[in-house]
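Protein chains in written order, with our numbering: chain A, 1 to 150; chain B, 1 to 198.
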Amino acid sequence: MARSQPTDPPPIDLLGPVLGEVSWFCCGTAWGPCSSTGKGACGTCNSGNMQHAWPNTSDACWSITRPDRCGDSLSRRTCGFRHKTTALCSGASVVTAIADCGPQTDLFCGERSCCGSTCASNRLIDLTPAAYSKIASLSTGLRPCEISTA
Amino acid sequence: MTSRRNMLKSAVLAGGAGIVGATALGSLGAEAAFGATSPQVEPGTPDPDFAEGRIRSIKGNTLLVLGSNMVFHNIRVVDGTSLWKLGPVGFEQAQPGDGLYARGVRMPDGVLAAESVWLNIVNIKGHIRNITSDKLHLDHNGKEILCHVVPGRSVAVHSDAPASADLSSLRVSQHVQILGAWRPGTNEVDIATVFSPH
Chain A
1 MARSQPTDPP PIDLLGPVLG EVSWFCCGTA WGPCSSTGKG ACGTCNSGNM QHAWPNTSDA
61 CWSITRPDRC GDSLSRRTCG FRHKTTALCS GASVVTAIAD CGPQTDLFCG ERSCCGSTCA
121 SNRLIDLTPA AYSKIASLST GLRPCEISTA
Chain B
1 MTSRRNMLKS AVLAGGAGIV GATALGSLGA EAAFGATSPQ VEPGTPDPDF AEGRIRSIKG
61 NTLLVLGSNM VFHNIRVVDG TSLWKLGPVG FEQAQPGDGL YARGVRMPDG VLAAESVWLN
121 IVNIKGHIRN ITSDKLHLDH NGKEILCHVV PGRSVAVHSD APASADLSSL RVSQHVQILG
181 AWRPGTNEVD IATVFSPH
C-alpha cells in the first residue's frame, strides 16, 4: 500500500485573489534618487508604464524577497505576466505586467495597512508610479489591496 | 466619476481655467477620486494620461516638462488640479528644476490636463545607517540618502498604528520606506512619512 507523501500547500494566489500591501517604485530613466534604478529584472521597466514588480519571478528573485518567511507562498510568474490590483480603499483596479523582481517582502514581515476595518498584511506587489496613481494618490505610499490574475 | 474627467476636459477646452491650489471639484486626494472610470491601458505599455520628468519652464498655467526619456510634456494646471510637494501646495510652489509625476486627461492637442501633480515625490526603501536629531541617513541601493525630519510635517507609520510625529522609535539598521520630497540636485529628501513594519 502506497503511503501518501506530505506536500506543501499550493501557493495562496492559485487559490484565488490574495490580500496584501501595495506600494510604488520608480524604474527606468528617472530623476532624483531614482536616476540609478535601471530597467528592472526584465529589462523593460519604466515608471510611466503600466507595470509591476512581483516577488517570485525566478529562483534568484525568490531568494531575495522570501515572502514565505512572512507566511505567503506565491506562484512563480515571469516577465510580462498580468496581475490585477484592486485598492481596498477606493475599489479602483489596474491591470499591469511584471517588469521587475520585488518587493522585498521579508524585510517588512507582519506589516499591516488598513482602510477602516479592512486590512491586509505583507508587501506582495509594487506598482510603477503610472499604475499606482490609477488606484491611489502617490502621496499615500502604501495601501492594502487585492491581487488576482488578469 | 467620469464627470471629473469630463470637467477637466471642459475646463481646458473652454480655456477659462484659472490657477488655484485647491480644487473646485472636491479634494482630489480623496480615495474616491481614484475610483474614476478611465480608459484601460494595455498592461506593460506607457499610459498616455501619465507624465514624468523635470520642469524646464512655466508659462502661465502650463508646466513645460522634459521627460527622463527626453519626450516633452505640456502639463496644464486647472481649477481641479491638486498639487503635492511634501503636502498639498499651491501652483506657485512648482519651480523649474522640480521633478514630477502627473496624471490627468490627455487632450487632442497633446496637452495633459492635470488631475494631480506630485512634485519631487520619492518613495524609497532602505535601511537606516544613522540617526541624528533631525536626520535619517538611509542606505538606498548602496547609496546614502540624507532624509530630513521636517517639524510639523514628518510622521512615522508603524504598521497599522496611527501616524505619529514621534520618530524616536526608529532604529539604526532597521528597514523602512520613506515617502518624501526630493531636494533637486542633491541626494537629500524631506520626509513626509516613514513606513516601518513594527
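Each residue gets a CB set at the ideal place from its N, CA and C atoms; glycine is no exception.
Straight-line spacing of the CA atoms in residue 101/A and residue 85/A works out to 16 angstroms. Residue 198/B and residue 57/B have their C-alpha atoms spaced approximately 42 angstroms apart. In the DSSP assignment, residue 136/A falls outside any alpha helix (DSSP H), carrying neither H nor E. 8 angstroms or more divides the Cβ of residue 135/A from the Cβ of residue 20/A. For residue 139/B, the enclosing beta strand (DSSP E) begins and ends at 135-140. For the segment 162-196 of chain B, the full-length beta strand (DSSP E) segments reaching 3 residues or more read 175-182 and 188-196 along the chain. Between residue 41/B and chain A, the shortest Cβ-Cβ separation is below 8 angstroms.
Closer than 8 angstroms to the CB of residue 93/B there is not a single CB belonging to chain A.
Any Cβ of chain B closer than 8 angstroms to the Cβ of residue 127/A would place that residue at the interface, and such an atom is absent.
Taking 8 angstroms as the upper bound on Cβ-Cβ separation, chain B lies near residues 80, 82, 87, 89, 90 and 91 of the segment 74-91 of chain A. A distance below 7 angstroms between beta-carbons, with the five flanking residues on each side excluded, links residue 133/B to no residue of its chain. At the C-beta level, residue 181/B and residue 130/B stay beyond 8 angstroms of one another. Counting of Cβ neighbours within 10 angstroms places residue 8/A among the exposed residues, the total staying below 16. By the rule that beta-carbons nearer than 8 angstroms mark a contact, residue 105/B does not touch chain A. Inter-residue distance for residue 90/B and residue 59/A is about 47 angstroms (C-alpha atoms, whole angstroms). Within chain A, no C-beta atom comes less than 8 angstroms from the C-beta of residue 167/B; the nearest is roughly 16 angstroms away. Membership of residue 92/A in any beta strand (DSSP E) is not indicated, and neither H nor E is assigned to it by DSSP.
Between residue 98/A and residue 81/A, the CB-CB gap stays under 8 angstroms. The C-beta of residue 62/A comes no closer than 8 angstroms to any C-beta of chain B. Chain B places no beta carbon closer than 8 angstroms to that of residue 20/A, leaving this residue out of the contacts. DSSP, reduced to helix, strand and coil, places residue 123/B within a strand of the structure shown. The Cβ neighbour count for residue 15/A, taken over all protein chains shown within 10 Å, is under 16; the residue is labelled exposed. Residues are counted here when their Cβ sits less than 8 angstroms from a Cβ of chain A; for the segment 166-188 of chain B these are 175, 177, 179, 182, 184 and 187, given in chain order.
Boundaries for residue 148/A: no alpha helix (DSSP H) harbours it, while the beta strand (DSSP E) harbouring it runs 142-149, taken from the DSSP string.
Fully contained in the segment 16-87 of chain A are the following beta strand (DSSP E) runs of length 3 or more, in chain order: 18-24, 51-54 and 82-87.
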